[in-house]
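Heads up, the thing below is written out as structure tokens.
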Amino acid sequence: MATTTGYFAAFAAGAAVLAGGRAAVHWGIRKGLAAPRVPHDTDPAALGLGFDTVRIATANGKTLHAWFIPVPGNSAAPAVVVLHGWGGNAALMLPLARPLHEAGFAMLFVDARCHGASDEDSFASLPRFAEDVEHAFAWLATRSGVDPRRIALLGHSVGAGAVLLAASRMPQVAAVVSVAAFSHPAAMMRRWLAAKRLPERPVGRYILDYVQRTIGHRFDDIAPVATVSRIRRPVLLVHGEDDEVVPIDEAHQIFAARGDTPVELMTVSGDHESFADLEHHLGSLTDFLRRALAPR
Numbered sequence: 587m588a589t590t591t592g593y594f595a596a597f598a599a600g601a602a603v604l605a606g607g608r609a610a611v612h613w614g615i616r617k618g619l620a621a622p623r624v625p626h627d628t629d630p631a632a633l634g635l636g637f638d639t640v641r642i643a644t645a646n647g648k649t650l651h652a653w654f655i656p657v658p659g660n661s662a663a664p665a666v667v668v669l670h671g672w673g674g675n676a677a678l679m680l681p682l683a684r685p686l687h688e689a690g691f692a693m694l695f696v697d698a699r700c701h702g703a704s705d706e707d708s709f710a711s712l713p714r715f716a717e718d719v720e721h722a723f724a725w726l727a728t729r730s731g732v733d734p735r736r737i738a739l740l741g742h743s744v745g746a747g748a749v750l751l752a753a754s755r756m757p758q759v760a761a762v763v764s765v766a767a768f769s770h771p772a773a774m775m776r777r778w779l780a781a782k783r784l785p786e787r788p789v790g791r792y793i794l795d796y797v798q799r800t801i802g803h804r805f806d807d808i809a810p811v812a813t814v815s816r817i818r819r820p821v822l823l824v825h826g827e828d829d830e831v832v833p834i835d836e837a838h839q840i841f842a843a844r845g846d847t848p849v850e851l852m853t854v855s856g857d858h859e860s861f862a863d864l865e866h867h868l869g870s871l872t873d874f875l876r877r878a879l880a881p882r
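Going by our numbering, the first residue of the sequence shown is number 587, and it counts up by one from there.
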């Protein structure tokens with residue numbers, strides 16, 4: 587009996603050690619993938635734009651920080667929800683604000699959860715970015731001065747993947763602008779693994795499986811190469827020719843997977859983060875939005 591008791595005690599101790607080790611590994615994965623929280627260093631007032639700072643309810647009982655920039659005197663303006671990328675915030679997207687404002691669009695610049703001045707949550711992910719942009723869209727659609735039938739989504743990087751995912755399940759979205767989207771989360775993760783000098787087998791495979799279990803979605807289901815063909819509204823893909831974070835080939839992969847979706851591809855010189863060159867092409871971007879958001 588003593589021997590049996592000792593065996594079970596040893597087994598329990600070993601199981602506890604393994605469980606503790608697994609928990610430590612999972613903590614390390616989450617910490618390694620967590621987005622930095624960057625505070626705002628400006629706001630729309632610096633551009634001479636009138637705005638309201640608002641809080642928007644989102645999933646898990648959390649709230650989002652956002653800036654709403656209306657179009658004065660317009661009772662039914664077309665509008666754009668603008669979402670940043672991983673580790674970014676609404677302030678980093680403000681170079682788009684004045685050109686879009688001058689083109690007649692109301693705007694909602696949003697901080698995703700765990701970013702900017704929005705609430706913290708247990709983790710951030712592409713699907714959670716999509717949840718946040720869906721709640722932001724719903725909030726904007728109820729605003730006075732905004733035509734709820736003419737609201738577009740614009741996102742950068744992970745935010746671009748998120749607006750494509752959101753539009754694939756929200757037929758009321760009128761148009762989508764995707765800036766520097768990756769084609770598939772697994773491809774992005776593999777580049778991250780390579781940068782960390784982590785082998786894909788078995789370490790990388792374990793991490794990819796753990797991330798999919800944690801976010802509650804298969805990468806194949808939320809990848810832009812999968813979601814783009816499920817959108818029934820006009821889509822503009824914008825990508826920098828010198829992007830080293832997400833190679834421009836991935837924009838071509840998304841475009842090739844478009845199916846029956848009306849997709850336009852606009853390539854610009856520039857890297858992943860810089861909007862400097864995009865600003866020179868904002869006439870093309872606003873022209874796309876004017877056409878896509880024209881009164882029906």
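The beta carbon of each residue, even a glycine, is placed where N, CA and C say it ideally should be.
- Burial is judged here by how many other beta carbons sit within 10 angstroms of a residue's own beta carbon; N675 has at least 16 and is buried.
- In this structure, DSSP gives F874 a helical state, which the three-state scheme calls helix.
- Shortest Cα-Cα distance from L868 to any of H687, G647, A880, G673 involves H687.
- The continuous stretches of beta strand (DSSP E) do not include D846, and DSSP gives it neither H nor E.
- By the Cβ neighbour-count rule, A609 is exposed, with fewer than 16 other Cβ atoms within 10 Å of its own.
- Taking 4 residues as the shortest admissible run, the region 764-821 contains the following complete alpha helix (DSSP H) segments, listed from N- to C-terminal end: 771-781, 791-801, 805-808, 810-813.
- The count of Cβ pairs closer than 8 Å, one atom from the region 666-681 and one from the region 735-751, reaches three, so the stretches are in contact.
- Between the alpha carbons of P658 and A665 lies a distance of about 13 Å.
- For the options A677, V732, V667, the alpha carbon positioned closest to that of E717 is the one of V667.
- Here the alpha carbons of A662 and T728 stand approximately 11 Å from one another.
- When DSSP assignments are scanned along the region 653-680, the uninterrupted stretches of beta strand (DSSP E) that are 3 or more residues long and fall wholly within it turn out to be 662-669.
- According to the DSSP assignment, A746 belongs to the alpha helix (DSSP H) that extends over 744-754.
- No Cβ-Cβ contact shorter than 8 Å links D707 with L650.
- Taking a cut-off of 8 Å on C-beta distances, the region 789-801 does not touch the region 815-823, as fewer than three cross pairs fall below it.
- Annotation for L694: the continuous beta strand (DSSP E) segment containing it runs 692-696.
- Contact between I737 and V759 holds: their C-beta atoms lie close to 7 Å from each other, under 8 Å.
- By the Cβ criterion, the region 764-776 is in contact with the region 830-837, since at least three pairs of Cβ atoms, one from each stretch, lie closer than 8 Å.
- For V640, the enclosing beta strand (DSSP E) covers residues 638-643.
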